[in-house]
Structures are given as structure tokens and as C-alpha cells.
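Comments concern the structure below.
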Amino acid sequence: MKTLDILTPADKEAVDLPRLLADEPAAAGRKKLYIESYGCQMNFSDSEIVASILKEGGFATTSSADEADVIFLNTCAIRDNAEQKVRNRLMHLTGLKRRRPELVVGVLGCMAERLKTKLLEEEKVVDLVAGPDAYRDLPRLVEEAETGQKAVNVFLSREETYADIAPVRLNSNGVTAFVSIMRGCDNMCSFCVVPFTRGRERSRDPHSIVREATDLFNQGYREVTLLGQNVDSYKWSQSPQTPEGLVDSPNEEAPFGSLGASVNFAQLLEMVAQVSPDLRVRFSTSHPKDITDDVLFTMKQYANICKYIHLPAQSGNSRILALMNRTYDREWYLGKIARIRAILGEDCGISHDLIAGFCTETEAEHRDTLSLMEAVQFDFGFMFYYSERPGTLAAKKLADDVPEEIKKRRLNEIIALQQQHSLLRNQRTVGQVHRVLVEGFSKRSDDFLQGRNDQNKVIVFPKEHFQKGQYVNVLVTDCTAATLMGKAV
Ligand code: SAM
Ligand code: SF4
Numbered sequence: 057m058k059t060l061d062i063l064t065p066a067d068k069e070a071v072d073l074p075r076l077l078a079d080e081p082a083a084a085g086r087k088k089l090y091i092e093s094y095g096c097q098m099n100f101s102d103s104e105i106v107a108s109i110l111k112e113g114g115f116a117t118t119s120s121a122d123e124a125d126v127i128f129l130n131t132c133a134i135r136d137n138a139e140q141k142v143r144n145r146l147m148h149l150t151g152l153k154r155r156r157p158e159l160v161v162g163v164l165g166c167m168a169e170r171l172k173t174k175l176l177e178e179e180k181v182v183d184l185v186a187g188p189d190a191y192r193d194l195p196r197l198v199e200e201a202e203t204g205q206k207a208v209n210v211f212l213s214r215e216e217t218y219a220d221i222a223p224v225r226l227n228s229n230g231v232t233a234f235v236s237i238m239r240g241c242d243n244m245c246s247f248c249v250v251p252f253t254r255g256r257e258r259s260r261d262p263h264s265i266v267r268e269a270t271d272l273f274n275q276g277y278r279e280v281t282l283l284g285q286n287v288d289s290y291k292w293s294q295s296p297q298t299p300e301g302l303v304d305s306p307n308e309e310a311p312f313g314s315l316g317a318s319v320n321f322a323q324l325l326e327m328v329a330q331v332s333p334d335l336r337v338r339f340s341t342s343h344p345k346d347i348t349d350d351v352l353f354t355m356k357q358y359a360n361i362c363k364y365i366h367l368p369a370q371s372g373n374s375r376i377l378a379l380m381n382r383t384y385d386r387e388w389y390l391g392k393i394a395r396i397r398a399i400l401g402e403d404c405g406i407s408h409d410l411i412a413g414f415c416t417e418t419e420a421e422h423r424d425t426l427s428l429m430e431a432v433q434f435d436f437g438f439m440f441y442y443s444e445r446p447g448t449l450a451a452k453k454l455a456d457d458v459p460e461e462i463k464k465r466r467l468n469e470i471i472a473l474q475q476q477h478s479l480l481r482n483q484r485t486v487g488q489v490h491r492v493l494v495e496g497f498s499k500r501s502d503d504f505l506q507g508r509n510d511q512n513k514v515i516v517f518p519k520e521h522f523q524k525g526q527y528v529n530v531l532v533t534d535c536t537a538a539t540l541m542g543k544a545v
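Take a look at the structure:
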């Protein structure tokens, strides 16, 4: 069993590892950018925006840090160990910088935003610090750093959505892509650093989202995942200055054609689903306080919207949820699960985020989390132990008083139970036929392909004549807690 502070489903295992930029052909004569991304999907998506901005600025990309003129680490600050990983990487880069003093080393993303100029004092190898809303300024910042000065921009914007920037797809499988639909977060979960590092919530123009999804489809992509910290609070209005013009229900005003006063998430989902019935649509992350029946009915209405919802719970105990400032309690969460099951059926995939050992959590309250898991039977989950983050409400007001060994023991109990539930949920699919979008060869053998079904479960099956990007009906014949195995029918 893993005793890390995170457990990820098989297909997302790479998310917590840095991903590198691919080589770009015909790069001769141009300066080279190398970028590593850490943390959430949003960061990987942001790195694609960064690559696009630097490409406009005359850079080519490389997958080798050794031959780069500029090295960026796009960082995560969500837990302490995410920051430690970046600090270790910076230590390794010190040798490279010593050999090539002209090399520019930049730290981007949430850690840059959280630590600002302190990062320059603490990590001498760093030349450039840029927060998540400052990426348009990167070409100028690089120029400044090249003169030997330290370059910093950590300005947080209320408007920036990078809507007009066509991301350069990095290390893409050519089949699935992330599309960012909003930035920032206005919730103040007491444990979370995101509102401080990514700023206020803002929604991206739906025209640009649909255009990006259409372009991806035309390039051969067959799945888009709409990304935001809280997609259910997506709300775009033509003139943000007149909020009284907002419309809540998709029935009140047609979102298409005229794109009336405003577009909410259910409407956006419908717009993207209509790009093509052959384009699968996923989204992440949903917030239990905001997900609406409208969203669930829109999912039901469109076969190409995947029947899978990531619905972080964080805890199964109402007192802890109140301390976390999640603004829902255990009953509300279970009520949302009941709505999902009622509207989308028992087979809809549901995953969670859970935090073990939050401030003042008792043994009985931890058992409430286990009993919530028993009640829901999640398909999989992302599980962490609490890591206090400086500046958050919890750090200011609550004692981080659960000893580390107890946090880890509780986390391990949560992980072990999830393993059981993942296996049970996967066993339900044995004997069923699932539509799989092929993403490439299986990790173990080129004689097998792998893809995911609607519920986001990884399925491996013999290659035969099938190819990446195709939809294949696969009969599930066997499974583990992480993977389904089958054969095409
Ligand atoms: N916006 C999403 C939501 O509200 O569900 C999640 C954003 S966060 C990047 C991903 C997950 O990290 C959270 O759902 C939470 O479980 C976990 N997390 C956030 N802050 C944490 C902390 N201080 N310690 C441990 N886990 C944390
Ligand atoms: Fe963090 Fe809560 Fe916002 Fe998610 S909803 S990013 S956990 S503050």
C-alpha cells in the first residue's frame, strides 16, 4: 500500500510528477525553453499557455534541461511536500547554472505567488519569479533576467483568463486535452492556499472555449476536460458591470446564437457537447455546494458528456466540514450523491478528495469519514493528510494538533478502504461492454491498447487492428482495483 500523502488512480499517476516539454522541430537558431510542471491539471494547462507565449516571443521548446537557455518550473504550493519537491529540483539546477551562468532559471505558478521575492532570497539559483496571472509578461521578464537582474511579476489580476491564447499542446497523446474555463477561486476553504496564489475567480469567454474545443476536434482530439477550481460556479456575462442582467437557468434564455445576458456551467457544458457527438466532454472540479440539477440533467441529455463526477468531500464529519469552511455538511454531501445517483444512475463514476487529520479531528470524526466512504462507495479518490499552509484561515485560527503519525495512520485507513471500494466498483463492470476512447499503448506492452470508459476507468485490451483516437466497444473480462481488462467486441 502507498504511504505517500496522495493516492492517484492509475491514469493520473503522472499528475504529481513533473512533466516536461517536448522537443520542437526546426528549432535551429532560436533560444530554447525547457519547462517542468508540478501539481494539478491546471498547472499543466498553464504550462501550455506559457509555451505559447514564449513561442510568440521567438523561443523553441526542448525536452533537455542541458540544452535550454531558459528553464521554468511551474510550481504547486498546495502542500508542504509539493514545495519541497521544487526546492530539491532547484538544488539540482544549481550545478547547471554554475557551468552556464547565462542560463535563466524561473519559478512560475503558485509557489512563486506565495513566496514572491522571498524565493529570490532563499533560492539563489532563481533569476525570475512569475505568478499565475503574469505569464504575458514572461518575454520581458526573461529579457530582464538575461541582463543579470532579478525579474519579478506576481501581480494578480481580476480579468486575466488568457482566453485569446492558443495553448501549445505539450507531450500530448493527440487524443485528450485540457481546456481551462476559469481561473482563481472565491471560496475560502480554511486549509487551502489556492485563493491566495491564484486570486479571484473569473470565467473565460464561452466563445473562446467553444472555439478551442472545435479546433481540438478538427486536429483529431476526441476528448476535452474543462478545468476550473470550482466549475459549477462558472458564470460569464457579456458585460460584467451589469450583474442584474445575469440569467441562472438554461431555460430562461437561449445561450446559443445570441449568447444572451450570461452563460452558466450547465449552458457551457451543452455548448461544448454540441461541438460534435464524437467529442467527449469531461470536467473537473465540482464543488458539492454548487453542483446543480441543471448540470446533472445536461450530463444525462448528452451521450458525449462523460458520466463521471469528481466531487471532493474533504471530510465525512459536519463539525470538521464547518471548521474547513466548506459551507456544506455531511447530510448535504450525501444529498448531492443521492441526486447524482437518481438522475444519472448507479453506474455514474464518482471520485473524491479527502483530507486526514485536519485540525482538532478526533478518532470518532475520522470514523465519520470512513462511514461516509462506506455510504457512497466511491470509484476512486485523491487522499491527503493535512499540511498546514502559511497564511490560510486554518493556519491563523486553528491548532494543527493531530500528530503526524496519527494523520498518516488515518490516511492509510482511508486509502485501504478506498482500495476495497475501487475493486468493488470495478467488479460491477465485469461482463459489461464499455465504450473506450483509445489513448495509446498500454504501459506494459505494445500488444495492448489502453483508454478510458465514460466513468474515467482505465481499460486495457488486446490491440488487434485498433488505433489511438478510435472509440472501441470493450467487453470487461477482469479487473484490479486500478484497471479493467477486456477484449474488443
Ligand atoms: N478546488 C478543488 C476543490 O475544492 O475540491 C480542489 C483544489 S486542491 C488543488 C486539490 C485538493 O488538495 C483539495 O480538494 C484538498 O483535498 C487538497 N488540499 C488542499 N489544501 C490542502 C492542505 N493544506 N493539506 C492537505 N490537502 C490539501
Ligand atoms: Fe481551495 Fe476550496 Fe477553492 Fe478548492 S474550493 S481551490 S479547496 S479554496
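Heads up: the sequence shown runs through residues 57 to 545, numbered per this note's numbering. Ideal Cβ positions, reconstructed from N, Cα and C, are used throughout, including at glycine.
- Taking C-beta atoms as the reference points, I91 and T117 count as a pair closer than 9 angstroms.
- In terms of side-chain proximity, the C-beta atom of C415 is found no nearer than 8 angstroms to any non-hydrogen atom of the ligand SAM.
- When the beta-carbon positions are compared, S236 and S101 come within less than 9 angstroms of each other.
- Remark: the shortest separation between the CB of T131 and any heavy atom of the ligand SF4 does not fall under 8 angstroms.
- By DSSP's assignment, R508 forms a beta bridge with L493, V514.
- Taking 8 angstroms as the cut-off, the C-beta of Q370 counts as close to a heavy atom of the ligand SAM.
- Between the alpha carbons of K453 and P446 lies a gap of roughly 11 angstroms.
- Taken through DSSP and simplified to helix, strand or coil, C96 comes out as coil.
- The secondary-structure analysis by DSSP pairs D534 across a beta bridge with M541.
- Relative to the non-hydrogen atoms of the ligand SF4, the Cβ of T232 never comes closer than 8 angstroms to any of them.
- Using a cutoff of 8 angstroms, the CB of N509 does not count as near the ligand SF4, since none of the ligand's heavy atoms is closer than that.
- Per DSSP, R278 lies in no alpha helix (DSSP H) segment and is marked neither H nor E.
- Rounded to whole angstroms, the gap between the alpha carbons of F115 and S371 is 45 angstroms.
- Under the Cβ criterion (8 angstroms, minimum of three pairs), the segment 153 to 170 counts as touching the segment 126 to 143.
- Taking the Cβ atoms as the reference, L272 lies roughly 15 angstroms from F339, outside the contact range of under 8 angstroms.
- Ranked by how close their Cα comes to the Cα of H477, the residues T383, D456, F436, L176 have F436 in first place.
- A186 is bridged by DSSP to L164, N209.
- Fully contained in the segment 433 to 496 are the following alpha helix (DSSP H) runs of length 4 or more, in chain order: 449 to 453, 460 to 483.
- Counting C-beta pairs with one atom in each stretch, the segment 197 to 211 and the segment 361 to 375 have fewer than three that are closer than 8 angstroms, which means they do not touch.
- In this structure, the straight-line span from the alpha carbon of E123 to that of N99 is close to 23 angstroms.
- Membership of A329 in the alpha helix (DSSP H) is indicated by the continuous run 321 to 329.
- In this chain, H148 is not harboured by any beta strand (DSSP E); it is covered by the alpha helix (DSSP H) spanning 136 to 155.
- Where L129 is concerned, the enclosing beta strand (DSSP E) starts and stops at 126 to 131.
- Setting aside the 5 residues that flank it on each side, V532 is surrounded in the same chain by T485, V486, G487, Q488, V489, H490, I515, L540, M541, G542, each with a C-beta closer than 8 angstroms to its C-beta; the list follows chain order.
- With a cut-off of 8 angstroms, the C-beta of N209 is classified as distant from the ligand SAM, since no heavy atom of the ligand falls inside that distance.
- For F339, the distance from the CB to the nearest heavy atom of the ligand SF4 is not below 8 angstroms.
- I365 is not a Cβ neighbour of L325, given a cutoff of 9 angstroms.
- For E268, the CB contacts under 6 angstroms within the same chain, skipping 5 residues up- and downstream, are V235 in chain order.
- Remark: C-beta atoms of V319 and Q285 do not approach each other more closely than 9 angstroms.
- Residue pairing from DSSP places M238 in a beta bridge opposite S259.
- The criterion of a C-beta distance shorter than 9 angstroms is not satisfied by I396 and Y441.
- Between L449 and F522, the alpha-carbon positions lie close to 52 angstroms from each other.
- A distance below 8 angstroms between beta-carbons, with the five flanking residues on each side excluded, links E158 to the following residues of its chain, in chain order: D125, E202.
- The Cβ atoms of L171 and V181 do not sit closer than 9 angstroms to each other.
- Taking a 10 Å sphere around the C-beta of R143, we find fewer than 16 other C-beta atoms and assign the residue as exposed.
- Residue environment analysis places K141 among the buried positions, since at least 16 neighbouring C-beta atoms fall within 10 angstroms of its C-beta.
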